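Peer 1: Sharing a structure here in structure tokens format.
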């Protein structure tokens, strides 16, 4: 089992004819993902990488029964793309685009309210269920099928964490990058909720960072609901306050945004805190050894 | 993106927010002339991108135009050190000269996007003049909040709730509601991250007046606000950060340590800095090299390290995904060819095209320290910074 994406995923790519869109579509297909359609307004009727291209999402869904979308549309047009996919009834949207204005996302969230579509991202590496399906830009080869769920605000740090797990023989059920923006479509709580009821996920690795209160919300959820062990790391202990550390959401503007506060909250509810980012794999191994005995 | 107080006030007044009469001056003579024009006592306020100006001596009252000129000549051309700046402070190139108003009460109002509700949030408090986080700690019951639905905008009942929460009465309630509506419109129209008036004065004659004004704009939305982009004052920033941007490195933050870091990805870059500290060292910068298809940015990152006199060692930590390791490796070799590298360089490579990257480095004959993994990279960089390895 796994969450969000699997063998039944039928993927549509918004922005498939762009450089990044076509490059990563190719990688997803090679990994075994069923890419059934692409959308680029004005390029409908063509084919790229053997995938039919449509002018709009509604038509693409009607003809291909796509049930997930990945978005590579430039930032100024990405909010529109998310709403178009939502309107077409696609249940899962993964938005890779970095740099979408916050106000555009406020409107997107307002639009999503009351609809059943789940948004992952923006500004994220995507979702992968190892051995089954990849809807994202992550390197497929470092993953190993297994029973640990990974959820992270980072991209490349997650690759390192996954590589650590894989090298210790610890496979992953699904790895979800929720993205580095201030207003992510799905939060830690949303994804922990899914892992909590997934039969094949035995433990979860949570990789947070400075800024916002997502880690504190996760701690509340872990305390009240989570039945599986959580290993956590929060990046940015050394980040100065008031400085944006690359990600739009990674800025310490108040006390709650500090790594130390987040670590305190997660630790207080029983999450195992990795002492440093190079030992997230080892910390997970200790947790798994403990629950198997 | 930040702007100066005088610019924030100019933008606010376009949206009907009452601000004190005043003008910006960049010479003592100009300050004197503005003070004379206003008449009576004036405030002379240093214009810098930092809070805590009052306590740091950057805000002074002048009784006469001559005194205003003297204060301006003492401030202009110097650097102001506040609790928000480093020890080197920020340069004062302009002062805002403003009328002095008799203040009866000091209030607080701000608008930001709440990441929990994902909606604009307006906050108001009668405890103005202090940092809102201190109020939240000491007297949370004095903070009133309303979430705003972007589909319908700010509503009068929300204005009344906040106004009564600040213990305003009578005509002030209507006036405050109008002011808040203007603030919300400004927030939405100009793509702000933060609009803050602290303090918002209730004057002795009962008017509302924005004594200070802070606006932060969403960097991601600047493409549709050319007028706001033009307000940017590079002089207020760390010179190395300005230089980095000119060289195409958008995610660079100068820090206090001596290990220059080049990493791909923001989360990984923060984690590298954390790991360096865990190993007993400290990073000279945060640098996310991003995704690249050419070697230029890598060479420019090395130019940054050479330009930063604090750098004693460089740590390159790349986990290739979108960024290809072989391109990074080529960039490192080119940097060695193009400049004299006066410090040891530790390199950790993993991910897309890693074997090719490693081959490029080892065949180039350049002198670098190879690291096995994430931990080894940080550990060796710290050792090199201490002179234990070369």
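Chains as they are written, first to last, in the numbering used here: chain H, 389 to 681; chain C, 17 to 406.
Idealized CB from N, CA, C, for every residue including glycine.
Model, not experiment: these values are computed from the prediction.
So, helix, strand or coil for residue 25 (chain C), using DSSP?
Peer 2: Your numbering for residue 25 (chain C) matches position 9 in the second chain. In the structure shown, residue 25 (chain C) sits in a helix (DSSP, three-state: H, G or I).
Peer 1: Taking 8 Å as the cut-off, does the stretch 76-86 of chain C touch the stretch 120-127 of chain C (at least 3 CB pairs, one atom from each stretch)?
Peer 2: Counting Cβ pairs under 8 Å, fewer than three are found: no touch.
Peer 1: Can you give the Cα-Cα distance for residue 120 (chain C) and residue 163 (chain C), rounded to whole angstroms?
Peer 2: Your numbering for residue 120 (chain C) matches position 104 in the second chain. Your numbering for residue 163 (chain C) matches position 147 in the second chain. So the alpha carbons of these two residues sit roughly 29 Å apart.
Peer 1: Buried or exposed for residue 140 (chain C), going by 16 or more other Cβ atoms inside 10 Å?
Peer 2: The residue given as residue 140 (chain C) occupies position 124 in the second chain. Per the 10 Å Cβ criterion, buried.
Peer 1: Residue 366 (chain C) touches chain H at which residues, Cβ-Cβ below 7 Å?
Peer 2: Start at 1 with the first residue of the second chain, and residue 366 (chain C) comes out as number 350. By Cβ distance, chain H contributes 551.
Peer 1: Taking the beta strand (DSSP E) that residue 597 (chain H) falls in, what are its first and last residues?
Peer 2: In the first chain, counting from the first residue as 1, residue 597 (chain H) sits at position 209. Per DSSP, residue 597 (chain H) belongs to the beta strand (DSSP E) from 591-597.
Peer 1: Which residue spans inside the stretch 71-134 of chain C form an unbroken beta strand (DSSP E) run of at least 3?
Peer 2: With a minimum length of 3 residues, the continuous beta strand (DSSP E) runs that stay inside the stretch 71-134 of chain C are 75-78, 111-115, 119-130.
Peer 1: Are the stretch 289-307 of chain C and the stretch 624-633 of chain H in contact at 8 Å, needing three or more beta carbon pairs?
Peer 2: Yes, they touch.
Peer 1: Helix, strand or coil: which one does DSSP assign to residue 211 (chain C)?
Peer 2: Taking the first residue of the second chain as position 1, residue 211 (chain C) is located at position 195. Here residue 211 (chain C) sits in strand by DSSP.
Peer 1: Determine the chain H residues that contact residue 338 (chain C) at a beta-carbon separation under 7 Å, and present them in chain order.
Peer 2: The residue you call residue 338 (chain C) lines up with position 322 of the second chain. Those are 525, listed as they occur along chain H.
Peer 1: Which of helix, strand or coil does DSSP assign to residue 398 (chain H)?
Peer 2: Position 10 of the first chain, counted from the start, is the residue given in the question as residue 398 (chain H). Strand at residue 398 (chain H).
Peer 1: Can you tell me where the alpha helix (DSSP H) holding residue 512 (chain H) begins and where it ends?
Peer 2: Taking the first chain and counting its residues from 1, the one referred to as residue 512 (chain H) is at position 124. Here residue 512 (chain H) belongs to no alpha helix (DSSP H), and DSSP marks it neither H nor E.
Peer 1: The beta strand (DSSP E) with residue 304 (chain C) in it runs from where to where?
Peer 2: Your numbering for residue 304 (chain C) matches position 288 in the second chain. Here the beta strand (DSSP E) through residue 304 (chain C) covers 301-304.
Peer 1: Got a sec: is the Cβ-Cβ distance from residue 21 (chain C) to anything in chain H below 8 Å?
Peer 2: Along the second chain, one-based indexing puts residue 21 (chain C) at 5. Answer no: the Cβ-Cβ gap between residue 21 (chain C) and chain H never drops below 8 Å.
Peer 1: Are the C-beta atoms of residue 129 (chain C) and some chain H residue less than 8 Å apart?
Peer 2: Walking along the second chain from the start, residue 129 (chain C) turns up at place 113. Yes, contact with chain H.
Peer 1: If you measure beta-carbon to beta-carbon, which residues of the stretch 177-205 of chain C are closer than 9 Å to chain H?
Peer 2: Residues passing the 9 Å Cβ filter: 203, 204.
Peer 1: Please tell me whether residue 669 (chain H) and residue 552 (chain H) are closer than 8 Å, where the distance is taken between their beta carbons.
Peer 2: In the first chain, counting from the first residue as 1, residue 669 (chain H) sits at position 281. In the first chain, counting from the first residue as 1, residue 552 (chain H) sits at position 164. Yes, these two residues count as a Cβ contact at 8 Å.
Peer 1: Note down, in chain order, all residues in the stretch 631-653 of chain H with a beta-carbon under 9 Å from any beta-carbon belonging to chain C.
Peer 2: Cβ contacts with chain C come from 631, 632, 633, 634, 635, 636, 637, 638, 641, 642, 643, 647.
Peer 1: Based on Cα-Cα distance, which residue from C:147, C:330, C:338, C:380 lies nearest to residue 345 (chain C)?
Peer 2: Your numbering for residue 345 (chain C) matches position 329 in the second chain. Checked all of C:147, C:330, C:338, C:380; the closest Cα to residue 345 (chain C) is C:380.
Peer 1: Determine the DSSP secondary structure at residue 369 (chain H), reduced to helix, strand or coil.
Peer 2: Because chain H in this structure spans residues 389 to 681, residue 369 (chain H) falls outside the shown range and cannot be described.
Peer 1: So, with DSSP's three-state summary, where would you put residue 31 (chain C)?
Peer 2: Here the question's residue 31 (chain C) lines up with position 15 in the second chain. It is coil, neither helix nor strand.
Peer 1: Considering only residues of the stretch 476-561 of chain H, which uninterrupted beta strand (DSSP E) runs meet the minimum length of 3 residues and lie entirely inside it, listed in chain order?
Peer 2: Correct list: 480-483, 506-508, 514-517, 521-524, 533-540.
Peer 1: For the stretch 654-671 of chain H and the stretch 312-319 of chain C, state whether three or more C-beta atom pairs, one from each stretch, are separated by less than 8 Å.
Peer 2: Counting Cβ pairs under 8 Å, fewer than three are found: no touch.
Peer 1: For the beta strand (DSSP E) containing residue 415 (chain C), name the first residue and the last one.
Peer 2: Only positions 17 to 406 of chain C appear in this structure, which leaves residue 415 (chain C) out of reach.
Peer 1: Given a cut-off of 8 Å, decide if residue 538 (chain H) and residue 550 (chain H) are closer than it, judged by their beta-carbon atoms.
Peer 2: Walking along the first chain from the start, residue 550 (chain H) turns up at place 162. Walking along the first chain from the start, residue 538 (chain H) turns up at place 150. Going by C-beta atoms, residue 550 (chain H) is nearer than 8 Å to residue 538 (chain H).
Peer 1: Could you work out which residues of chain H lie near residue 166 (chain C), taking near to mean beta carbons separated by less than 7 Å?
Peer 2: Reading the second chain from its first residue, position 150 is the one you call residue 166 (chain C). Within chain H, the residues near residue 166 (chain C) are 494, 495, 498.
Peer 1: Going straight from the alpha carbon of residue 176 (chain C) to that of residue 197 (chain C), what length do you get?
Peer 2: Looking up residue 176 (chain C) in the second chain gives position 160. Looking up residue 197 (chain C) in the second chain gives position 181. The straight-line gap from Cα to Cα measures roughly 11 Å.
Peer 1: Name, please, each residue of chain C whose Cβ falls closer than 8 Å to the Cβ of residue 490 (chain H).
Peer 2: Within the first chain, numbered from 1, the residue matching residue 490 (chain H) stands at position 102. Within 8 Å Cβ-Cβ: 129, 207, 209, 234, 236, 237.
Peer 1: According to a CB-to-CB cut-off of less than 8 Å, which residues of the stretch 588-606 of chain H neighbour chain C?
Peer 2: Result list: 595, 597, 598, 600, 601, 602, 605.
Peer 1: Since residue 68 (chain C) contacts residue 100 (chain C) with CB under 8 Å, what's their CB separation in whole angstroms?
Peer 2: Residue numbering aside, residue 68 (chain C) sits at position 52 when the second chain is read from its first letter. Residue numbering aside, residue 100 (chain C) sits at position 84 when the second chain is read from its first letter. Yes, residue 68 (chain C) and residue 100 (chain C) are in contact; Cβ-Cβ is about 5 Å, under 8 Å.
Peer 1: Going by Cα to Cα distance, which pick from C:53, C:142, C:223 is closest to residue 188 (chain C)?
Peer 2: Along the second chain, one-based indexing puts residue 188 (chain C) at 172. The shortest Cα separation from residue 188 (chain C) among C:53, C:142, C:223 belongs to C:223.
Peer 1: Do you know how far the Cα of residue 463 (chain H) is from the Cα of residue 145 (chain C)?
Peer 2: Position 129 of the second chain, counted from the start, is the residue given in the question as residue 145 (chain C). Position 75 of the first chain, counted from the start, is the residue given in the question as residue 463 (chain H). Going by the C-alpha atoms only, they are around 38 Å apart.
Peer 1: Could you name the residues of the same chain whose beta carbon sits closer than 7 Å to that of residue 191 (chain C), not counting the 5 residues immediately before and after it, in chain order?
Peer 2: Translated into positions along the second chain, residue 191 (chain C) becomes position 175. Excluding positions up to five away in sequence, the list reads 224.
Peer 1: Quick one: using the 10 Å Cβ neighbour count with 16 as the cut-off for buried, is residue 272 (chain C) buried or exposed?
Peer 2: In the second chain, residue 272 (chain C) corresponds to position 256, counting from 1. Residue 272 (chain C) comes out exposed.
Peer 1: Can you pull the chain H neighbours of residue 135 (chain C), defined as C-beta to C-beta under 7 Å?
Peer 2: Looking up residue 135 (chain C) in the second chain gives position 119. Within chain H, the residues near residue 135 (chain C) are 494.
Peer 1: Assuming contact is defined by CB atoms lying nearer than 8 Å, are residue 431 (chain H) and residue 399 (chain H) in contact in what I supplied?
Peer 2: Indexing the first chain from 1 puts residue 431 (chain H) at position 43. Indexing the first chain from 1 puts residue 399 (chain H) at position 11. Against a cut-off of 8 Å, the Cβ pair of residue 399 (chain H) and residue 431 (chain H) comes out as no contact.
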